[in-house]
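A.B. asks: Pasting a structure below so you can have a look.
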Amino acid sequence: MKELLFVFYNQGDGKSLMKAEKHLQNPIIKSFLDIPENRELLNEVMNNPTNMSKQRLDDAFREFYFRIRFTSYLSKSIHFNAINYDKKRKLFQDRNQLILDKRSREDEGAALIDLISSKEWQEGQDVCSDSSSIEDHLTSESLFQGIQRLTKNQRHLLSLAYVYGLNDSEIAMYLCKSQQAVSKSHKKALKKLREIIENGEKEGV
Amino acid sequence: MESLFTLVKQSRTDNHSLVKVIDLFSPKIDHSLHQTNQQYREDLAQDLKMKLLVCIRNYDVENIPGYFQMIEFLDTHQTQTY
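Same order as they appear, the protein sequences are chains A and B. Start counting at 1 in the first sequence, then tack on 731, and there's your number in my numbering. Start counting at 1 in the second sequence, then tack on 3, and there's your number in my numbering.
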């Protein structure tokens with residue numbers, strides 16, 4: 732093979748042996764010329780150096796070289812992209828950890844999920860904040876029992892006044908009564924409520 | 004079976020050739036899947052195929068040197084090229 736190249740370059744100048752050796756050190760050229768068909772093409776260029784034969788050698792080499800270059804390029808792309816994918820996934824996992832049911836300490840200690848505050852009912856919070864009746868908004872037991880003993884109309888009036896925040900004249904308009912009547916029954920209801928609570932406390936003591 | 008060279012050239016316009024090229028590299032992809040956990044392999048395979056698609060489409064096929072260009076390049080540059 733070396734001889735072939737040597738003969739090939741010898742047509743030009745005297746440094747050809749060195750040149751041939753150097754070219755053969757290149758793994759691409761070497762493996763290209765290892766294939767007999769390619770040596771045949773080179774031989775043909777040597778014997779018959781027309782543009783056609785040169786073109787054929789060029790094309791053969793181009794295809795050969797492309798195969799190597801392209802394969803190595805794609806293999807590297809696949810390899811490094813696979814590594815990158817794993818890195819990205821790990822980063823994502825580190826930032827979005829699924830550790831809610833992990834125990835904070837081995838065996839003892841609550842799971843993380845038990846420590847997270849709940850949006851459900853907590854003490855002192857309105858349970859039925861959208862209820863229209865005043866009984867549902869009370870947290871004091873004595874007040875609740877007092878309200879139970881008022882008349883239905885009084886409860887309704889108190890609901891309008893304290894749940895909806897209406898004043899006496901607005902309530903009067905809503906109930907088609909005079910403002911004075913509403914004011915009077917409002918006061919009466921509160922007075923009765925107070926009496927019930929005070930009596931209840933006395934009884935309790 | 005067409006050569007890789009023509010397949011890649013065609014894959015710029017022809018999706019069938021593109022699929023063929025990607026299929027040619029599927030053993031390498033499968034091998035790379037061992038990189039990650041079982042449950043992520045399908046995702047990784049898809050991701051890699053998408054990356055390959057871009058690589059193949061954008062590869063500069065015309066810029067491959069011929070034999071004489073290569074020789075010339077070797078003569079002017081002292082370093083080895085792979």
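Every residue, glycine too, gets a C-beta built ideally from N, C-alpha and C.
Note down, in chain order, all residues in the region 26-42 of chain B with a beta-carbon under 7 Å from any beta-carbon belonging to chain A.
C.D. replies: So the close ones are F28, K31, I32, S35, Q38, T39.
A.B. asks: Tell me which residues share the same chain as B/T84 and place their Cβ nearer than 6 Å to its Cβ, disregarding the 5 neighbours each side in the sequence.
C.D. replies: Unreliable positioning characterises B/T84 in this predicted model, as indicated by a pLDDT of 48, which lies under 50. The coordinate reading is nonetheless provided below. Around B/T84: no qualifying Cβ.
A.B. asks: May I ask which residues mark the beginning and end of the alpha helix (DSSP H) holding A/D790?
C.D. replies: That run of the alpha helix (DSSP H) goes 782-826.
A.B. asks: Output yes if chain A places a C-beta closer than 7 Å to the C-beta of B/E65; else output no.
C.D. replies: Not one chain A Cβ lies under 7 Å of B/E65.
A.B. asks: Run through chain A and tell me which residues come within less than 8 Å of B/K23, C-beta to C-beta.
C.D. replies: Residues of chain A passing the Cβ test: none, with the nearest at roughly 13 Å.
A.B. asks: Could you tell me which chain A residues have their CB closer than 8 Å to the CB of B/S6, listed as they occur along the chain?
C.D. replies: Correct list: E794, R798.
A.B. asks: Just how far apart, CA to CA, sit A/D817 and B/D26?
C.D. replies: For A/D817 and B/D26, the distance between alpha carbons rounds to 23 Å.
A.B. asks: Taking contact to mean at least 3 C-beta pairs separated by less than 8 Å, is the region 50-69 of chain B in contact with the region 14-30 of chain B?
C.D. replies: Enough Cβ pairs lie closer than 8 Å, so yes.
A.B. asks: Are the beta-carbon atoms of A/Q910 and A/A903 separated by less than 7 Å?
C.D. replies: In this structure, A/A903 lies closer than 7 Å to A/Q910 by Cβ.
A.B. asks: Note down, in chain order, every chain A residue with its Cβ under 9 Å from the Cβ of B/D17.
C.D. replies: Those do not exist, as B/D17 stays about 17 Å from chain A at its closest Cβ, beyond 9 Å.
A.B. asks: With distances taken Cα to Cα, identify the nearest neighbour of A/N898 among A/L805, A/V913, A/Q885, A/F792.
C.D. replies: Comparing Cα-Cα distances from A/N898 to each of A/L805, A/V913, A/Q885, A/F792, the minimum goes to A/V913.
A.B. asks: Listing by chain order, which chain A residues have their CB less than 9 Å from the CB of B/L55?
C.D. replies: Simply L805, S808, I809, N812.
A.B. asks: Return the chain-ordered list of same chain residues with a C-beta closer than 8 Å to the C-beta of B/F8, the five sequence neighbours on each side being excluded.
C.D. replies: These residues qualify, in order along the chain: V64.
A.B. asks: If you measure from the beta carbon of A/L755 to each beta carbon in chain B, is any gap under 7 Å?
C.D. replies: No, because no Cβ of chain B sits closer than 7 Å to the Cβ of A/L755.
A.B. asks: Closest to B/Q72 by CA distance: which of A/N774, A/I799, A/Q786, A/F811 is it?
C.D. replies: When each option's Cα is compared against that of B/Q72, the closest is A/Q786.
A.B. asks: What residue range does the alpha helix (DSSP H) around A/V776 cover?
C.D. replies: Segment 767-778, the alpha helix (DSSP H) holding A/V776.
A.B. asks: Sort A/L755, A/N930, A/F811, A/E932 by Cα distance to B/D78 and report the nearest one.
C.D. replies: Measuring from the Cα of B/D78, the nearest candidate turns out to be A/L755.
A.B. asks: Looking only at C-alpha atoms, which of A/E768, A/L874, A/Y905 sits nearest to A/F792?
C.D. replies: Minimum Cα distance to A/F792 is reached at A/E768.
A.B. asks: Excluding the 5 residues preceding and the 5 following B/A48 in the sequence, name in chain order all residues of the same chain whose CB lies nearer than 7 Å to its CB.
C.D. replies: Excluding residues within five positions, the ones whose Cβ falls inside 7 Å are I32, L36.
A.B. asks: At 7 Å on the CB atoms, spell out the chain B contacts of A/D789, in chain order.
C.D. replies: What A/D789 touches in chain B: G69, Y70, F71.
A.B. asks: Mind checking whether B/L51 and A/I809 have CB atoms under 7 Å apart?
C.D. replies: Cβ distance < 7 Å, so B/L51 and A/I809 count as in contact.
A.B. asks: Using a Cβ cut-off of 7 Å, pull out every chain D residue sitting near A/D817, in sequence order please.
C.D. replies: You won't find chain D in this structure, because its protein chains are A and B.
A.B. asks: Within this structure, are the beta carbons of A/L831 and A/L822 separated by less than 7 Å?
C.D. replies: No, the pair does not count as a contact, with Cβ atoms beyond the cut-off.
A.B. asks: Can you look up B/T84 in the DSSP assignment and give me helix, strand or coil?
C.D. replies: With a pLDDT of only 48 at B/T84, under the threshold of 50, the placement of this residue in the model should not be trusted, and no figure is reported.
A.B. asks: Applying the 10 Å Cβ sphere with the 16-neighbour rule, what's the burial state of A/S916?
C.D. replies: Looking at its Cβ environment, which holds 16 or more other Cβ atoms inside 10 Å, A/S916 is buried.
A.B. asks: Cα separation between A/S862 and A/G896?
C.D. replies: Looking at the two C-alpha atoms, the distance is approximately 14 Å.
A.B. asks: For A/I760, return the contacting residues in chain B, with the cut-off set at a CB-CB distance below 9 Å.
C.D. replies: Going along chain B in sequence order, the residues near A/I760 (Cβ under 9 Å) are Y70, M73, I74, L77.
A.B. asks: Going straight from the alpha carbon of B/P68 to that of A/K761, what length do you get?
C.D. replies: The alpha-carbon atoms of B/P68 and A/K761 are separated by roughly 16 Å.
A.B. asks: Taking its Cβ as the centre, do 16 or more other Cβ atoms sit within 10 Å of A/F797, making it buried, or is it exposed?
C.D. replies: Under this definition A/F797 is a buried residue.
A.B. asks: Ignoring anything shorter than 4 residues, give me the alpha helix (DSSP H) runs that lie fully in the region 856-922 of chain A, in order along the chain.
C.D. replies: List check, alpha helix (DSSP H) in window: 872-879, 883-889, 899-906.
A.B. asks: If you reduce the DSSP assignment to three classes, tell me which class B/F28 lands in.
C.D. replies: If DSSP states are grouped into helix, strand and coil, B/F28 belongs with coil.
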